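Engineer: If you number the sequence shown the way the numbering used here does, the last residue is 1268 and the count never jumps.
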Amino acid sequence: MTMIPSLFNSTIPSCACSAASFSYPDLFGAEFLSLETKFVANYSTSIHTGLYTNHGAVTVSNVNFCNITVTYTHPGQNDSVHVQVWLPSDTWNGRLQHIGGAGWQAGLHTAGLMGMMASVGEGYATVGTDAGLGSDVYPTNWALLSEGNVNLYLLQNLATVSLNDASVIAKSLATSFYKTAPKYSYFSGCSQGGRQGLQLAQRYPDAYDGIAASAPAINWNQFVMQDLWPLFLMDQMGVYPPACELDAITDAALNACDGLDGIVDGVINDPDSCNFDPASLIGTTINCTTLGSDLVISTEAVDLVQKIWDGAKRSDNSTIWYGPSKGASLTGSITDIAIVPTTCASNGTCTRGSFEIAEDWAKLFVLKNSSASTINISHEEFDRIAHLSAQMYESIIGTRDPDLSEFRARGGKLVGYHGTTDTIIPTRGSTHYYDAVTAVDADVHDFYRLFLAPGVNHCFGGNGAYPAGTFDAMREWVENGIAPETLAATSLDSTPTFERALCPYPKKQVYDGVGNATAGEGFTCM
743 MTMIPSLFNS TIPSCACSAA SFSYPDLFGA EFLSLETKFV ANYSTSIHTG LYTNHGAVTV
803 SNVNFCNITV TYTHPGQNDS VHVQVWLPSD TWNGRLQHIG GAGWQAGLHT AGLMGMMASV
863 GEGYATVGTD AGLGSDVYPT NWALLSEGNV NLYLLQNLAT VSLNDASVIA KSLATSFYKT
923 APKYSYFSGC SQGGRQGLQL AQRYPDAYDG IAASAPAINW NQFVMQDLWP LFLMDQMGVY
983 PPACELDAIT DAALNACDGL DGIVDGVIND PDSCNFDPAS LIGTTINCTT LGSDLVISTE
1043 AVDLVQKIWD GAKRSDNSTI WYGPSKGASL TGSITDIAIV PTTCASNGTC TRGSFEIAED
1103 WAKLFVLKNS SASTINISHE EFDRIAHLSA QMYESIIGTR DPDLSEFRAR GGKLVGYHGT
1163 TDTIIPTRGS THYYDAVTAV DADVHDFYRL FLAPGVNHCF GGNGAYPAGT FDAMREWVEN
1223 GIAPETLAAT SLDSTPTFER ALCPYPKKQV YDGVGNATAG EGFTCM
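1. Check the DSSP bridge columns for alanine 848 and list the partner residues they point to.
2. Apply the 10 Å Cβ neighbour rule to serine 1147 and answer buried if 16 or more other Cβ atoms are within range, or exposed otherwise.
3. Kindly list the residues whose CB is nearer than 7 Å to the CB of glycine 1090, restricted to its own chain and excluding five residues on each side of it in sequence; keep chain order.
4. Report buried or exposed for serine 877, applying the criterion of at least 16 other Cβ atoms within 10 angstroms of its Cβ.
5. Mind checking alanine 1215: buried by the 16 CB within 10 Å criterion, or exposed?
6. Can you grab the Cα-Cα spacing for the pair asparagine 751 / glycine 865, in whole Å?
7. Rounded to whole angstroms, what's the CA-CA distance from serine 1015 to glycine 952? Just pull it up for me.
8. Quick one: measure Cβ to Cβ for phenylalanine 1018 and lysine 1068, integer angstroms, because I've assumed they're closer than 8 Å.
9. Go ahead and pull the three-state DSSP assignment for arginine 1142.
10. Does the structure place the region 1197-1213 close enough to the region 1103-1115 that three or more beta carbon pairs sit under 8 Å?
11. Using a 10 Å radius around the Cβ and a threshold of 16 neighbouring Cβ atoms, would you call phenylalanine 770 buried or exposed?
12. Determine the closest residue to alanine 1225 out of Cys1245, Asp1188 and Leu1234, with distance taken between C-alpha atoms.
13. If you count every other CB in all the chains shown that lies within 10 Å of the CB of arginine 1152, and 16 or more means buried, which is it?
14. Which residue or residues does DSSP assign as beta-bridge partners of cysteine 932?
15. Would you check if the region 987-1005 and the region 1037-1046 touch, i.e. whether three or more CB-CB distances between them fall below 8 Å?
16. Whole angstroms are fine: how far does the CA of alanine 916 sit from the CA of valine 1220?
17. Could you check whether the region 1130-1141 touches the region 937-951, counting it as contact only if at least three pairs of C-beta atoms, one from each stretch, sit closer than 8 Å?
18. Where does glycine 890 land, buried or exposed, given buried means 16+ other C-beta within 10 angstroms?
19. For alanine 1128, I'd like the list of residues in its chain whose CB is within less than 6 Å of its CB, leaving aside the five on either flank, ordered along the chain.
20. What first and last residue would you give for the alpha helix (DSSP H) that runs through threonine 1173?
21. Taking Cβ to Cβ, would you say alanine 908 is nearer than 8 Å to threonine 871?
22. Starting from leucine 988, follow the alpha helix (DSSP H) in both directions and report where the run begins and ends.
23. Using a threshold of 8 Å, state whether the C-beta atoms of glycine 1197 and threonine 1162 are closer than that.
24. Give the DSSP-derived three-state secondary structure of proline 947 in the structure shown.
25. Please state whether the Cβ-Cβ distance between tyrosine 1247 and leucine 1192 is less than 8 Å.
26. At what residues does the alpha helix (DSSP H) containing glutamate 1101 begin and finish?
27. Quick check on DSSP: helix, strand or coil for asparagine 1222?
28. Please give me, in chain order, every unbroken run of the alpha helix (DSSP H) with length at least 4 that falls completely inside the region 865-948.
29. Confirm, please, whether the CB-CB distance from leucine 775 to threonine 811 is below 8 Å.
30. Hey, alanine 912 and histidine 851: beta-carbon distance below 8 Å or not?
31. Counting only runs of 3+ residues fully inside the region 1079-1140, write out the beta strand (DSSP E) ranges in chain order.
32. Do you know whose CA, among Ile1005, Asp948 and Asn809, lies nearest glycine 1255's CA?
33. On a Cα-Cα basis, can you pick out the residue from Ala1104, Asn1118 and Gly849 that is closest to serine 1131?
34. On the DSSP bridge list, what partners appear for isoleucine 789?
35. Can you tell me whether cysteine 1030 is buried or exposed, with buried defined as 16 or more other CB within 10 angstroms of its CB?
36. Please name the residue in Asp1145, Ser927 and Thr1116 whose C-alpha comes closest to that of valine 1182.
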């Protein structure tokens, strides 16, 4: 748990945590419906690193805070948005932190609430929003007003509007409670939360002083087609490999390229340098635990994996979006969803599974038909869905505007990491965006830094080293003007654990072959 210098040294009595103590915030375009308060005393818990991304694990001890729930609507839109603001009464550090969402949820979900608890445990006034979506994990219940008619208001809430709303509401309530405004206000998120962070920098540059946005789901309306691509390929090819066959190909790529940096540590340090050809495995016999028998790696399975690595393609072979890096698990893990899901019967027959985020996007938002199916569609239909997705939703949830000049001008700082073995949101989407920002502002490094995390999965997990100090590095940059030249990172899932100093893109780690690699020595960013 990080010791954060406090900027506020007063204690607020519990009696101040009453609805009568607060007025509704001044939020243009909103009508407030209710404001409820509850004082929470002596709350203690432990929060795992994966539930508080951009941070490390936190032990919360005897925290006292005022839990405020505000409900409001945007008149004419028939929505009901809930925002929770948690205000520590005797440990406030003078700052505000907004905890972002994940998947289809804007923030007030299980992991988000755990992140909020860690945040308030560290002394932050903390805010989260449900964007009017409630607790639904999937959009099935809200995506369509009726068949053929997308609920664009709620999608817009998730994508943009609720983010600035939450900032305005939280700052107003914190100022009322403490009788002074937060000295600094921050946003932290990964995945959907990472996209939210970049959306704030692009569209609401005054909302936060600093943003930690990692593994961001930017280019949403394009990259989601890459998540649908493996399912489409399996149907097209009539090939549904068991997990063991896919894992054998992935493991072979890892074994071939792990040592290219001079260290064998279970991580491909620079995936772009990995030229492993999976065709070398065709005809190799492996022991398949999935089937409980030996299996010969097939030409079809190798072709499938190569096409997934190459990224989603149109029928004319032009690229729609980037694929995952070699060495990234295609069959999932504790922290990652399988992007090539198959289920096998005892007789060895395998069928395809599903990837709900991608399939729901195609059915509900692009085709606008809850009965539509993406199973066994033609390549021409895949092209059509990809085109419509890019065309219809760019301004709503594309989140790829490279002009961050307003955010920069008001002194904002932006820091994020992206794991190179992230299969859900391929890493090259982040580098593509950073390159686009660089093309607009050659001095982007002065306010925005992206760090690639070799071997880290989606947001956390994997064989690589996780940068638990991402948020604190951003905060240090905002408050003290000290820009992060590297991000300290520690492996979570590897034995023995090892240290690394992650490099700001486009620099990469280069090992001198001499230093103690386990301790992170001997590396230079070049």
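Glycine residues also receive a C-beta, built at the ideal position from the N, C-alpha and C atoms. Keep in mind it's a predicted model, so treat the numbers as computed, not measured.
Structural biologist: Taking the structure as given:
1. In the DSSP output, where bridge partners are listed per residue, alanine 848 has none listed.
2. exposed
3. Leu1033
4. The residue is exposed, with fewer than 16 neighbouring Cβ atoms inside 10 Å.
5. buried
6. So the two alpha carbons sit approximately 11 Å from each other.
7. When the Cα atoms are used, serine 1015 and glycine 952 turn out to be separated by approximately 33 Å.
8. 6 Å
9. coil
10. no
11. By the neighbour-count rule (16 or more Cβ atoms within 10 Å), phenylalanine 770 is not buried but exposed.
12. Asp1188
13. exposed
14. Ser956
15. Touching, yes.
16. If you take the alpha carbons of valine 1220 and alanine 916, they lie about 20 Å apart.
17. yes
18. exposed
19. If the five residues before and after alanine 1128 are omitted, its C-beta is found closer than 6 Å to the C-beta atoms of Met967 and Ile1062, all from its own chain and listed in chain order.
20. 1170-1182
21. Yes, Cβ-Cβ distance for alanine 908 and threonine 871 is below 8 Å.
22. 985-999
23. yes
24. Proline 947: coil per DSSP, three-state reduction.
25. Between tyrosine 1247 and leucine 1192, the C-beta spacing is below 8 Å.
26. 1098-1102
27. helix
28. 894-898, 904-920 and 934-945
29. no
30. no
31. 1084-1086 and 1092-1094
32. Ile1005
33. Comparing Cα-Cα distances from serine 1131 to each of Ala1104, Asn1118 and Gly849, the minimum goes to Ala1104.
34. Val800
35. buried
36. Asp1145
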